[in-house]
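A.B. asks: Can you read through this structure? Questions will come right after.
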Amino acid sequence: MERWQGCVAVVTGASSGIGAATVKDLLKANLVVVGLARRLQRMEEYKAELPAEQQKRFYPYTCDVTSQESVDQAFDWIIKELGGIDILVNNAGIFKTGQAVTLDPVELQQVVQTNIMGVVYCTQRAFKSMKERNFDGHVVNINSVTGHSVLHLSGNAPPGMNVYPATKHAVTAITEVYRQEFRGLKTKIKITSVSPGLVDTEIVPEYYKKSAPPILKPEDVSSCILFTLSTPPHMQVHEIMVKPLLGE
146 MERWQGCVAV VTGASSGIGA ATVKDLLKAN LVVVGLARRL QRMEEYKAEL PAEQQKRFYP
206 YTCDVTSQES VDQAFDWIIK ELGGIDILVN NAGIFKTGQA VTLDPVELQQ VVQTNIMGVV
266 YCTQRAFKSM KERNFDGHVV NINSVTGHSV LHLSGNAPPG MNVYPATKHA VTAITEVYRQ
326 EFRGLKTKIK ITSVSPGLVD TEIVPEYYKK SAPPILKPED VSSCILFTLS TPPHMQVHEI
386 MVKPLLGE
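First residue of the sequence shown: 146, per this note's numbering; consecutive thereafter.
What follows is the structure, given as structure tokens:
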């Protein structure tokens with residue numbers, strides 16, 4: 146991680162779970178970190194608990210990744226105040242329980258907009274910053290095992306994941322699209338998809354956590370992110386899939 150010291154990492158969905166764990170690990174690795182999330186207060190609360198030296202390198206900023214205007218405002222601020230984006234961790238994501246055939250289309254659209262377009266909006270801005278500065282940066286997409294196969298965890302009951310697996314399959318596809326585009330546009334920017342199994346975060350309903358032990362911790366996923374960032378410049382980890390031991 147030495148080559149990233151002092152570089153600027155942007156983490157979306159940074160108010161809790163995988164995002165918050167990633168922020169803390171990147172700060173420990175001596176990076177400057179911008180946390181983007183709708184819940185600014187949550188980020189400010191855990192910032193206050195950080196060592197004083199790390200607090201100076203952490204910049205919480207309000208951002209709703211479903212809104213291109215909000216994303217543009219946040220990235221404009223980052224570029225103006227910190228000079229650019231060197232690492233982007235697309236972590237923001239939501240999950241709604243219910244069946245695709247009956248769930249309110251407004252809620253389904255929220256999942257699609259957050260999990261797919263949030264990645265697109267943020268990656269466009271980060272890529273632009275990296276390419277304009279001729280910087281060999283890294284984009285990490287937090288995917289899911291459901292982005293590779295549709296799981297059914299409820300016996301004979303109808304599944305409750307609705308469009309969530311579809312959005313994560315889209316993340317799998319867009320990661321490969323970006324890999325080809327980054328190469329075709331003559332850059333050495335890396336792209337990695339990290340696909341965890343069930344993780345103990347706020348978006349996972351409690352009954353899922355209870356019915357499918359064991360379960361990963363947010364820090365387990367963050368460790369995967371730091372691993373792929375620590376690889377040498379000539380090496381690109383395209384996909385990391387991580388599951389709890391003895392899990393599905």
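Idealized CB from N, CA, C, for every residue including glycine.
How is H314 classed by DSSP in three states: helix, strand or coil?
C.D. replies: Residue state, collapsed to three classes: helix.
A.B. asks: Could you say which of G164, V178, V344 and L361 lies nearest to G151 if we only look at CA atoms?
C.D. replies: Checked all of G164, V178, V344 and L361; the closest Cα to G151 is V178.
A.B. asks: Quick one: any contact between the segment 359-378 and the segment 159-171, if contact means 3 or more CB pairs under 8 Å?
C.D. replies: The segment 359-378 is in contact with the segment 159-171.
A.B. asks: Taking DSSP as the reference, what is the three-state secondary structure of V216?
C.D. replies: Helix, per DSSP.
A.B. asks: Pick from V344, H283, A159 and C369: whose alpha carbon is nearest that of K333?
C.D. replies: Here the closest residue by C-alpha is H283.
A.B. asks: Please look up how many angstroms separate the CB atoms of G158 and N236, rounded, as I've assumed it's under 8 Å.
C.D. replies: Right, their Cβ atoms sit about 4 Å apart.
A.B. asks: Between which two residues does the beta strand (DSSP E) containing K335 stretch?
C.D. replies: Unbroken beta strand (DSSP E) run through K335: K335 to P341.
A.B. asks: Output the boundary residues of the beta strand (DSSP E) element that contains M188.
C.D. replies: No beta strand (DSSP E) holds M188; the alpha helix (DSSP H) holding it covers L185 to K192.
A.B. asks: To test your reading of the DSSP string, which unbroken alpha helix (DSSP H) runs of 4 or more residues are found completely within the segment 200-285?
C.D. replies: Qualifying alpha helix (DSSP H) stretches, in chain order: 213-227, 250-257 and 263-277.
A.B. asks: Can you tell me the Cα-Cα spacing of V349 and S274, whole angstroms?
C.D. replies: Spanning the two alpha carbons is a distance of roughly 33 Å.
A.B. asks: Which residues does DSSP list as the beta-bridge partners of A182?
C.D. replies: Answer is T207, bridged to A182.
A.B. asks: For the structure I just gave you, are there three or more beta carbon pairs, one from the segment 304-321 and one from the segment 336-343, closer than 8 Å?
C.D. replies: As far as the Cβ criterion goes, the segment 304-321 touches the segment 336-343, which means the pair count is three or higher.
A.B. asks: Which residues does DSSP pair with I385 in a beta bridge?
C.D. replies: DSSP lists V339 as partners of I385.
A.B. asks: So, are the CB atoms of A174 and L371 less than 8 Å apart?
C.D. replies: It is a contact, given that the beta carbons lie within the stated cut-off.
A.B. asks: Measure the C-alpha to C-alpha separation of Q244 and Q254 and round it to an integer number of angstroms.
C.D. replies: Rounded to whole angstroms, Q244 to Q254 spans 13 Å at the Cα level.
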